[in-house]
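> Under the numbering used here, the letters of the sequence shown match residues 214 to 410, in that order. Note that CB positions come from ideal geometry on N, CA and C, so glycine has one too. Just so we're clear, the structure is a prediction, and the values are computed from it rather than from any experiment. Sharing a structure here in structure tokens format.
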Amino acid sequence: MSGRKAVGFATGRARLESGCDMNEKRLSAELVTEYAATKLEDHFAQIGRCSRMLTREQLWHRLNSHSNSVANLLLHLNGNIRQWVLGGLAGREIERDRQAEFDARGGADCEGLLADLQETLREACGVIRGMAEEHLAWEFSIQSYRVSGAAAVMHVVEHFAFHTGQVVTMTKAMLDMDVSLYDENGHRRDGRSDEVP
Numbered sequence: 214m215s216g217r218k219a220v221g222f223a224t225g226r227a228r229l230e231s232g233c234d235m236n237e238k239r240l241s242a243e244l245v246t247e248y249a250a251t252k253l254e255d256h257f258a259q260i261g262r263c264s265r266m267l268t269r270e271q272l273w274h275r276l277n278s279h280s281n282s283v284a285n286l287l288l289h290l291n292g293n294i295r296q297w298v299l300g301g302l303a304g305r306e307i308e309r310d311r312q313a314e315f316d317a318r319g320g321a322d323c324e325g326l327l328a329d330l331q332e333t334l335r336e337a338c339g340v341i342r343g344m345a346e347e348h349l350a351w352e353f354s355i356q357s358y359r360v361s362g363a364a365a366v367m368h369v370v371e372h373f374a375f376h377t378g379q380v381v382t383m384t385k386a387m388l389d390m391d392v393s394l395y396d397e398n399g400h401r402r403d404g405r406s407d408e409v410p
């Protein structure tokens, strides 16, 4: 066991809608990539919901000199996904000025920023959903890192989730209102299935 401790897991059995028994089959690339793409789409919906509540001034407002605006985060997420998925995984020629994403102090309106991010995300989710098991295992060179395809996908999802939380928190701080996606019973406000985490 190479010095690792054994970890216990619940003994419950899980079944997919397809009837496939997850305890008898290996985790498929499709399960991983579909979940990753769906989480990106879910996070984008929450970012869009919050961003549209803000005025243009609020969208570009920085809480202090060490903070980014919501608009800066939209620019940054677009750049990150373009570099990591469209450039890194799909091999497209991508130009990115990462620092400019943070330096911007005004410009595009909410709908323009969201439309650009949504188009990038649509393309990226297509790339992610198209990844087979071997693509998840391949090694890629992205932003001076050498990572597996699986690590690149996980990075993009966790990075997007991190900044989604910032957008939600900043929106709450500026508007002094509840922008939670879940109600007091833990049910999603957008009508998605209660079974979706």
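Do L299 and A337 count as a contact pair if the criterion is CB distance below 8 Å?
Contact flag set, yes.
> Could you round the C-beta distance between V366 and T246 to whole angstroms and report it? I think they count as a contact, below 8 Å.
With 8 Å as the limit, V366 and T246 qualify as a contact, their Cβ atoms being about 7 Å apart.
> Considering only their Cβ atoms, is the gap separating L326 from L276 smaller than 8 Å?
For L276 and L326, no; Cβs fall outside 8 Å.
> Apply the 10 Å Cβ neighbour rule to A350 and answer buried if 16 or more other Cβ atoms are within range, or exposed otherwise.
Answer is exposed; the Cβ neighbour count stays below 16.
> Quick one: what's got a C-beta closer than 7 Å to D322's C-beta in the same chain, skipping five residues either side?
For D322, where only same-chain residues beyond five positions count, the Cβ hits under 7 Å are R269.
> Per DSSP, what kind of secondary structure is K238 in: helix, strand or coil?
In this prediction, K238 scores a pLDDT of 47, lower than 50, which makes its location untrustworthy; the coordinate-derived value is nonetheless stated afterwards. Note: K238 maps to coil in three-state DSSP.
> Leaving aside the five residues before and after H376 along the sequence, list all residues of the same chain whose C-beta is less than 6 Å from its C-beta, in chain order.
Counting only Cβ-Cβ distances below 6 Å, and skipping sequence neighbours, we find L286, L290.
> Let me know the alpha helix (DSSP H) ranges lying completely inside the region 283 to 335, each 4 residues or longer, listed in chain order.
DSSP runs (the alpha helix (DSSP H)) wholly in the region 283 to 335: 283 to 294, 311 to 316.
> Alpha carbon to alpha carbon, how far is F373 from L229? Give it in angstroms, no decimals.
With a pLDDT of 48 at L229, under the threshold of 50, the predicted position of this residue should be treated as unreliable, though the coordinate-derived value follows. When rounded, the distance between both Cα atoms is 26 Å.
> For R269, report the span of its alpha helix (DSSP H) as first-last.
Start and end: 269 to 272.
> Hey, how far is the Cα of A242 from the Cα of E254?
Cα-Cα distance, rounded: 18 Å.
> Would you tell me roughly how many angstroms separate the C-alpha atoms of H348 and L334, rounded to the nearest one?
So the alpha carbons of these two residues sit roughly 19 Å apart.
> Would you kindly work out how many angstroms separate the C-alpha atoms of V392 and Q331, rounded to a whole number?
Distance between the alpha carbons of V392 and Q331 is about 21 Å.
> Report the three-state DSSP secondary structure of V360 (helix, strand or coil).
In the structure shown, V360 sits in a strand (DSSP, three-state: E or B).
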